[in-house]
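Enquirer:
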Amino acid sequence: MDPSNAIVIAVFLPFIVTWTLPLLYKVFKQRIGWIAAAIAFTCFALVAQVVPYTMAGTPIKDSWLWLPSAGLSFDIYGDGMAVLLALIVTGVGVIIMSYSTGYMSTKEDLPRYYQWLLLFMGAMLGVAFTDNTIQMFVFWELTSITSFMLIGYWRERPESIYGATKALLVTAGGGLFMFAGFLLLRIASGTYGISEVAGSSELLANVHDSELYVATLILIFIGAASKSAQGPFYIWLPNAMEAPTPVSAFLHSATMVKAGVYLVARMHPILSGTPEWLILVSGTGMFTMVMAGFLAFRQTDIKAILAYSTISQLAYLMTMYGYSTAEHPGLGFAAATFHLLNHSTFKATLFLVAGIVAHEAATRDIRKLGGLRKEMPKTFIVAVIAAASMAGVPPLNGFLSKEMFYETSLEIGHLVGGPWALIFPVVAVMGGVFTLMYSIKLIDGIFLGERTHDHDVPHHVHDAPLVMLAPAVFLVGLIIFFGLYPKFPIETLIQPAYSGLVPGAEHLHIKLWHGITTPFLMTVATFATGIILYRFYNGIAAWQNSFSARFPWISVNYYYDWTVNNARDVTHKISAVFQPGPIGPYIKASLLFMFFLAMVPLFYFHIPAGSILPAGMNFNAQPYEIVLYALMLVSALGAMIIPRYLPAVISLSALGFLVSLLYMYLKAPDLAMTQVCVETLSTIVFILVIMKMPQKFKEPMPMGKVMVNLLISGAVGFAVFAIMVNANVGMLGSFESFSQYFIEKSMAMTGGLNVVNVIVVDFRGYDTIGEISVLSLAALGVYNLILSRAGGAEGGEDE
Amino acid sequence: MNNTLLALTISLLFGMGTFLILRRDIMKVIIGFGIVSHAVNLYIVASGVFSEGKVPILEHGEHVNQGLVYNDNLANLAAGIVGPTTTAPYTEFVDPLVQALVLTAIVIGLATTAFILTLAYRIYEEYGTTDVQELRRLWG
Numbered sequence: 020m021d022p023s024n025a026i027v028i029a030v031f032l033p034f035i036v037t038w039t040l041p042l043l044y045k046v047f048k049q050r051i052g053w054i055a056a057a058i059a060f061t062c063f064a065l066v067a068q069v070v071p072y073t074m075a076g077t078p079i080k081d082s083w084l085w086l087p088s089a090g091l092s093f094d095i096y097g098d099g100m101a102v103l104l105a106l107i108v109t110g111v112g113v114i115i116m117s118y119s120t121g122y123m124s125t126k127e128d129l130p131r132y133y134q135w136l137l138l139f140m141g142a143m144l145g146v147a148f149t150d151n152t153i154q155m156f157v158f159w160e161l162t163s164i165t166s167f168m169l170i171g172y173w174r175e176r177p178e179s180i181y182g183a184t185k186a187l188l189v190t191a192g193g194g195l196f197m198f199a200g201f202l203l204l205r206i207a208s209g210t211y212g213i214s215e216v217a218g219s220s221e222l223l224a225n226v227h228d229s230e231l232y233v234a235t236l237i238l239i240f241i242g243a244a245s246k247s248a249q250g251p252f253y254i255w256l257p258n259a260m261e262a263p264t265p266v267s268a269f270l271h272s273a274t275m276v277k278a279g280v281y282l283v284a285r286m287h288p289i290l291s292g293t294p295e296w297l298i299l300v301s302g303t304g305m306f307t308m309v310m311a312g313f314l315a316f317r318q319t320d321i322k323a324i325l326a327y328s329t330i331s332q333l334a335y336l337m338t339m340y341g342y343s344t345a346e347h348p349g350l351g352f353a354a355a356t357f358h359l360l361n362h363s364t365f366k367a368t369l370f371l372v373a374g375i376v377a378h379e380a381a382t383r384d385i386r387k388l389g390g391l392r393k394e395m396p397k398t399f400i401v402a403v404i405a406a407a408s409m410a411g412v413p414p415l416n417g418f419l420s421k422e423m424f425y426e427t428s429l430e431i432g433h434l435v436g437g438p439w440a441l442i443f444p445v446v447a448v449m450g451g452v453f454t455l456m457y458s459i460k461l462i463d464g465i466f467l468g469e470r471t472h473d474h475d476v477p478h479h480v481h482d483a484p485l486v487m488l489a490p491a492v493f494l495v496g497l498i499i500f501f502g503l504y505p506k507f508p509i510e511t512l513i514q515p516a517y518s519g520l521v522p523g524a525e526h527l528h529i530k531l532w533h534g535i536t537t538p539f540l541m542t543v544a545t546f547a548t549g550i551i552l553y554r555f556y557n558g559i560a561a562w563q564n565s566f567s568a569r570f571p572w573i574s575v576n577y578y579y580d581w582t583v584n585n586a587r588d589v590t591h592k593i594s595a596v597f598q599p600g601p602i603g604p605y606i607k608a609s610l611l612f613m614f615f616l617a618m619v620p621l622f623y624f625h626i627p628a629g630s631i632l633p634a635g636m637n638f639n640a641q642p643y644e645i646v647l648y649a650l651m652l653v654s655a656l657g658a659m660i661i662p663r664y665l666p667a668v669i670s671l672s673a674l675g676f677l678v679s680l681l682y683m684y685l686k687a688p689d690l691a692m693t694q695v696c697v698e699t700l701s702t703i704v705f706i707l708v709i710m711k712m713p714q715k716f717k718e719p720m721p722m723g724k725v726m727v728n729l730l731i732s733g734a735v736g737f738a739v740f741a742i743m744v745n746a747n748v749g750m751l752g753s754f755e756s757f758s759q760y761f762i763e764k765s766m767a768m769t770g771g772l773n774v775v776n777v778i779v780v781d782f783r784g785y786d787t788i789g790e791i792s793v794l795s796l797a798a799l800g801v802y803n804l805i806l807s808r809a810g811g812a813e814g815g816e817d818e
Numbered sequence: 504m505n506n507t508l509l510a511l512t513i514s515l516l517f518g519m520g521t522f523l524i525l526r527r528d529i530m531k532v533i534i535g536f537g538i539v540s541h542a543v544n545l546y547i548v549a550s551g552v553f554s555e556g557k558v559p560i561l562e563h564g565e566h567v568n569q570g571l572v573y574n575d576n577l578a579n580l581a582a583g584i585v586g587p588t589t590t591a592p593y594t595e596f597v598d599p600l601v602q603a604l605v606l607t608a609i610v611i612g613l614a615t616t617a618f619i620l621t622l623a624y625r626i627y628e629e630y631g632t633t634d635v636q637e638l639r640r641l642w643g
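Residue numbers (the numbering used here), protein chains in the order written: chain W, 20 to 818; chain D, 504 to 643.
Structural data, given as structure tokens:
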């Protein structure tokens, strides 16, 4: 298949299939997970077809018109990096969806679960293959939304709601910063295209020389950091663990959180190579790596430990992508990309193990678990290999990329010089030490030691069922394979990604054993320190707990909660003022607003004249006119002050007939006729309704309230009067109305003599269709209101 | 329309209707609604009446075609006038367009009146009151 078609199909297939899942569920029931896995596998196969092209160094580039008026097209760009991410997304997707068929109870709302998983997968593929920033933003926010839905999958649990809201606020909010950064990038470079900027030395120079460079970098990095839980934005990831465990394994360790790192890699050719990049990206990464690794100690939930570990590992990636100088822009790129792949394998495995343990032992609390190695031997082996890879034990893949991390840390330290030659490697080793310690804790806490006899844990814990174990075993196979034979992933995936985004990338040689070098000594130091310090693990955790109890305000979460809770309270207070509930205040406020809306311009326009009322008002009137006006006012007054309904309605009706008389005087015979008919009908409806009601409602009318109401209605009446008498003075320049067109064309175009009728049925026929629809809707509404009567025994009235 | 007494009448109607709308009794509110719609309709129709204008019904065989209508002139934009212009004021007939608009409004007014009356009736049936504040209290 044509590779660009394959990419487009892979991106949109999940979106299309997701709509059919509820139907498929009717046929396949709980086996629907296998359908979703098959879709993921199809996407994997489609993306895999692109690998030969990226290995040959010819990225796929294609473009379709999307919003030509806004200068936007749907651009895809399939280079090594995009293919790597897409293969991770679809590959882990297959594994997760198969695993879910065993993990998710058949009582759950499975179609919704797989729908959101597939939507997420499609959105991630969209992020991977996009080639313009607007498209990137759209798919990016789509991943945030699907993540929100999946974290909040168990809708009834308050923790899920809290976690989902937090994740959405942080990641989607960060996405908005990223969007602002993209717009700045557009200003600096003149295009929304990504590969277009990266491929043109002129545009690159524009971006780097622009005074917007730093702002662009910071804004885009905020987006990346919030998605990848870096720096202060880490707070959402631990709470996101409220999601079902397969979701955590998929979104919150292997794929979605990689989107931020991916963005950094994608922006690498455009923005890297400056001190700002090194300080911002590596600085944030190194800080996060150490802090998150350290904070993992006090966690007692397996998934929480894994969450902090994920934050710390993502920080490795950030740090390495940040290693960049003007001469060596892509110093840490290859190492970071390799670690990105490896992290997906071992971290997803560990999450799957966490899911198995929670499933079989009914708890994820590490204090209640322990000694499960005998009862769950297969799971134990899987977990040990994955944890060892995370800790960097040879000959697993984690060892290789950690060695590369140490090596590049030494190099960047050497290049920057001064004290940094020491600081970079030392911080890297610190990160490694913490990783080793919590890796040991995971195995120690779950599988080693004595079996605790907590009442939450069942007496006999079974090993994992095949459907849940097989995906984990497959991933462990990859961990070992990549470790023993790194040539394969390096040549097919890492080298193309590296060469595609770093100009002048050298050929990568990665061997398992390359003699006793400084990085190897650093690894040895890491192991020695980690194993010694592990004796103090519980002590450190206890100290962290007492510290956080003593200084609750030294915590990002403290400020997040403060902001969100205050926002909620303040909104509540404001809406309590502006939306008190009873309808009276709303009407009064609207009326007063309109009063000022009318009166302020009137005063403004009449300052020269000195008076709100124009000079030369015409008080001449025929006697019959005056009688008509007086009668109208009397009947309106009757409708206003008579307390009983029936006489009030009769007054209103009298007013209506008088109004039709007035229409005659105003030279509107059609209106007069219509008014007579309508008034008759509405009087009938009024009387039908009030027949069934009590004839009078004793409303308390305290004097003060009457005065206020009189004042408001007097002001409204005065405003109407002022507008009317001023209307023909000509505050605006006069221009002829459209009406003359109708008069002129009436006979010629329609043959109608009555111009009003011609307008209603001919010139403005669409308005009349609208009017008829309103009438039918009102009739339907009346009909349904009558039908909606509870019990419905009484005969309805007709209308 | 330069008829101060008519303007006064219409605005008094408007004020009385407003007073009723501010009441708590839902039936009074509906009656007030009716009065205000009368006032608004009259207001719009009155704005289209010129003192010498005829009823907008043509005589048989009368072809009004004076060729002075609709010279859309972009130069007028500079003068701040957005719309078709004629060289001379055209006041042979009163304005038919406002009448057509109000015709629609009257009919729609009937529909809405019927609807809110039925609604009021159903509210009375369900809650046993026509007091807006009482209803608010019942809903909590």
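Note that CB positions come from ideal geometry on N, CA and C, so glycine has one too.
So, is the C-beta of W/SER758 closer than 8 Å to a C-beta in chain D?
Expert: Closer than 8 Å to some Cβ of chain D, the Cβ of W/SER758 qualifies, so yes.
Enquirer: Taking the alpha-carbon positions, what's the W/GLY432 to W/PRO515 distance?
Expert: Spanning the two alpha carbons is a distance of roughly 27 Å.
Enquirer: Whose C-alpha, out of W/GLY242, W/ASP384, W/THR356, is nearest the C-alpha of W/LEU461?
Expert: Of the candidates W/GLY242, W/ASP384, W/THR356, the one whose C-alpha sits nearest the C-alpha of W/LEU461 is W/ASP384.
Enquirer: Beta-carbon of D/TYR546 versus every beta-carbon of chain W: anything under 8 Å?
Expert: Closer than 8 Å to some Cβ of chain W, the Cβ of D/TYR546 qualifies, so yes.
Enquirer: Which partner residues does D/ILE524 have in the DSSP bridge list?
Expert: Answer is none; D/ILE524 lacks a bridge partner.
Enquirer: With a threshold of 8 Å between beta carbons, is D/TYR627 in contact with chain W?
Expert: Yes, contact with chain W.
Enquirer: Under 7 Å between beta-carbons, which chain W residues line up against D/PHE522? List them in chain order, please.
Expert: Correct list: MET659, ASN728, LEU729, SER732.
Enquirer: Taking the alpha-carbon positions, what's the W/ALA483 to W/ASP94 distance?
Expert: Their Cα atoms are separated by approximately 44 Å.
Enquirer: Starting from the beta carbon of W/LEU700, find every residue of chain D whose beta carbon is closer than 7 Å, and list them in chain order.
Expert: Ordered by position in chain D, the residues that pass the 7 Å Cβ test against W/LEU700 are LEU613.
Enquirer: Please determine if the stretch 520 to 531 of chain W and the stretch 144 to 154 of chain W are in contact, where contact requires at least 3 C-beta pairs separated by less than 8 Å.
Expert: No contact exists between the stretch 520 to 531 of chain W and the stretch 144 to 154 of chain W.
Enquirer: Would the stretch 597 to 617 of chain D and the stretch 545 to 552 of chain D be scored as touching if the rule is three or more Cβ pairs under 8 Å?
Expert: They touch, by the three-pair rule.
Enquirer: What do you get for W/TRP296, buried or exposed, if any count of 16 or more other CB atoms within 10 angstroms of its CB means buried?
Expert: Buried, by the Cβ-count rule.
Enquirer: Could you have a look at W/TRP83 and say whether DSSP puts it in helix, strand or coil?
Expert: Note: W/TRP83 maps to strand in three-state DSSP.
Enquirer: Under a CB-based cut-off of 8 Å, is W/SER765 close to chain D?
Expert: Interface residue, yes.
Enquirer: With C-beta atoms as the reference, is W/MET456 less than 8 Å away from W/TYR335?
Expert: No, the Cβ-Cβ distance between W/MET456 and W/TYR335 is not below 8 Å.
Enquirer: For W/ASN745, which three-state DSSP category applies?
Expert: Helix, per DSSP.
Enquirer: List the residues of chain D that W/GLN694 touches, going by C-beta distances under 7 Å, in chain order.
Expert: Residues of chain D passing the Cβ test: ILE609.
Enquirer: If you pair each beta-carbon of the stretch 376 to 393 of chain W with each one of the stretch 439 to 452 of chain W, do three or more pairs fall below 8 Å?
Expert: No, they do not touch.
Enquirer: When you compare the stretch 212 to 224 of chain W with the stretch 281 to 296 of chain W, are there three or more beta-carbon pairs, one atom per stretch, that lie closer than 8 Å?
Expert: Yes, the stretch 212 to 224 of chain W touches the stretch 281 to 296 of chain W.
Enquirer: For D/THR615 and W/VAL735, which I take to be in contact (beta-carbon distance under 8 Å), what is that distance rounded to the nearest angstrom?
Expert: Going by Cβ atoms, the distance from D/THR615 to W/VAL735 rounds to 20 Å, so no, they are not a contact pair.
Enquirer: Look at W/ILE241 and W/MET197 and say whether their C-beta atoms are less than 8 Å apart.
Expert: It is a contact, given that the beta carbons lie within the stated cut-off.
Enquirer: CB-CB under 7 Å to W/ILE330, same chain, minus the five flanking residues each way: which ones, in chain order?
Expert: The residues are ALA248, TYR253, LEU256, THR307, ALA311.
Enquirer: Among W/TRP173, W/ARG176, W/MET168, which one has its Cα closest to the Cα of W/ALA191?
Expert: Closest option to W/ALA191, Cα to Cα, is W/MET168.
Enquirer: With a threshold of 8 Å on Cβ separation, who are the neighbours of D/ILE584 within its own chain once the five nearest residues in sequence on each side are excluded?
Expert: For D/ILE584, the pLDDT reaches just 48, beneath the cut-off of 50, and the residue's location in the model is therefore unreliable, leaving the point undetermined.
Enquirer: Give a yes or no on contact between the stretch 401 to 414 of chain W and the stretch 341 to 358 of chain W, applying the rule of three or more CB pairs nearer than 8 Å.
Expert: No, the stretch 401 to 414 of chain W does not touch the stretch 341 to 358 of chain W.
Enquirer: Measure from the C-beta of W/ALA345 to each C-beta in chain D and report whether the shortest distance is under 8 Å.
Expert: No - not a single Cβ of chain D is within 8 Å of the one on W/ALA345.
Enquirer: For a contact defined as C-beta to C-beta under 9 Å, what are the partners of W/ARG808 on chain D?
Expert: Within 9 Å Cβ-Cβ: ARG625, GLU628, GLU629.
Enquirer: I'd like to know if D/PHE536 contacts chain W, where contact means its C-beta is closer than 8 Å to some C-beta of that chain.
Expert: False, the Cβ-Cβ gap to chain W never drops below 8 Å.
Enquirer: Quick check on W/ILE661: does DSSP put it in helix, strand or coil?
Expert: Reduced to three states, the DSSP call for W/ILE661 is coil.
Enquirer: Tell whether a beta-carbon distance below 8 Å holds between W/LEU161 and W/LYS277.
Expert: No. Outside cutoff.
Enquirer: Give me the Cα-Cα distance between D/THR507 and W/LEU632, rounded to the nearest whole angstrom.
Expert: Rounded to the nearest angstrom, the two C-alpha atoms are 11 Å apart.
Enquirer: Which residues in chain W sit within 7 Å of D/LEU620, going by Cβ to Cβ distance?
Expert: Correct list: VAL704, PHE705, VAL708.
Enquirer: Step through the CB atoms of chain W and report whether any lies within less than 8 Å of the CB of D/LEU606.
Expert: D/LEU606 counts as touching chain W.
Enquirer: Can you tell me the Cα-Cα spacing of D/ALA591 and W/LEU674, whole angstroms?
Expert: In this predicted model, D/ALA591 has a pLDDT of only 48, less than 50, meaning its place in the structure is not dependable enough to derive any value.
Enquirer: Can you find a CB in chain W that lies within less than 8 Å of the CB of D/LEU641?
Expert: Answer no: the Cβ-Cβ gap between D/LEU641 and chain W never drops below 8 Å.
Enquirer: What does a CB cutoff of less than 7 Å around D/VAL605 pick up in its chain, not counting 5 residues either side in sequence?
Expert: Here the set comprises ASN544, ILE547, VAL548.
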